[in-house]
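K.L.:
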Amino acid sequence: MAYWLFKSEVSTWSWDQQVAKGDAGEQWDGVRNYQARNNMRRMKIGDLGFFYHSQKEKEIVGIVEVCAESHPDTTTDDLRWDCVDIKAVKPLKLPVTLQMCKEEPRLENMVLVNNTRLSVQPVTEKEWKTVCGMGGLKS
DNA sequence: GCCAACGTTGGC
DNA sequence: GCCAACGTTGGC
Numbered sequence: 003m004a005y006w007l008f009k010s011e012v013s014t015w016s017w018d019q020q021v022a023k024g025d026a027g028e029q030w031d032g033v034r035n036y037q038a039r040n041n042m043r044r045m046k047i048g049d050l051g052f053f054y055h056s057q058k059e060k061e062i063v064g065i066v067e068v069c070a071e072s073h074p075d076t077t078t079d080d081l082r083w084d085c086v087d088i089k090a091v092k093p094l095k096l097p098v099t100l101q102m103c104k105e106e107p108r109l110e111n112m113v114l115v116n117n118t119r120l121s122v123q124p125v126t127e128k129e130w131k132t133v134c135g136m137g138g139l140k141s
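So the first sequence is residues 3 to 141, counted in this note's numbering.
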């Protein structure tokens, strides 16, 4: 079981839209970055991820689950780009803001804190549990 | 709105 | 294969 973090602008694709898709989920398309794509290729069905709103909110708002492994991104003909499908699992009771992550010593090595521009990131199990705790979930 | 960080592109 | 130029992302 691996853990990930998916970043999106609210105006592009929001948590509410993700929730509205229900268990069917939706492909995480539009990624045009090799590192992010490579992370998606490593994902397995059942892996969990955080859903992060960038730019305005700058906070982790919910938990998603990978429901289809990497496949071609249907929004482009360019064969280089793959994506996975994810579905919403549940929201955090309390959103965990970027600032909270920066102020939390246990998260000092988190990719979110150190590489703000990567849109699909790995999360360690320790970081996962820490953020879930901060978000009001037992994990 | 600015700017730093980073990735990509293309000329040589 | 190097590196300058350029574009994009995202925090502030």
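Ideal Cβ placement from N, Cα and C applies to all residues, glycine included.
In terms of residues, what are the limits of the alpha helix (DSSP H) holding Gln57?
P.N.:
Note, Gln57: premise wrong, no alpha helix (DSSP H); not H, not E.
K.L.:
Mind checking His73: buried by the 16 CB within 10 Å criterion, or exposed?
P.N.:
Label assigned to His73: exposed.
K.L.:
Determine the direct distance from the alpha carbon of Gly32 to that of Cys69, and round the result to whole angstroms.
P.N.:
Their Cα atoms are separated by approximately 18 Å.
K.L.:
Could you pull the start and end residues of the beta strand (DSSP E) that Thr132 belongs to?
P.N.:
Note, Thr132: premise wrong, no beta strand (DSSP E); alpha helix (DSSP H) at 127 to 136.
K.L.:
Select from Gln20, Met3, Ala26, Thr132 the residue whose C-alpha is nearest the C-alpha of Met112.
P.N.:
The shortest C-alpha separation from Met112 is found at Thr132.
K.L.:
Can the beta-carbon of Val66 be found less than 7 Å from the beta-carbon of Val91?
P.N.:
Yes, the Cβ-Cβ distance between Val66 and Val91 is below 7 Å.
K.L.:
Going by DSSP, name the residue or residues bridged to Ser10.
P.N.:
The partner list for Ser10 (beta bridge, DSSP) reads His55.
K.L.:
In terms of residues, what are the limits of the beta strand (DSSP E) holding Leu94?
P.N.:
Per DSSP, Leu94 belongs to the beta strand (DSSP E) from 84 to 99.
K.L.:
Identify the residues that DSSP records as bridge partners of Pro124: which are they?
P.N.:
DSSP, once it has assigned bridges, lists Trp6 as partnering Pro124.
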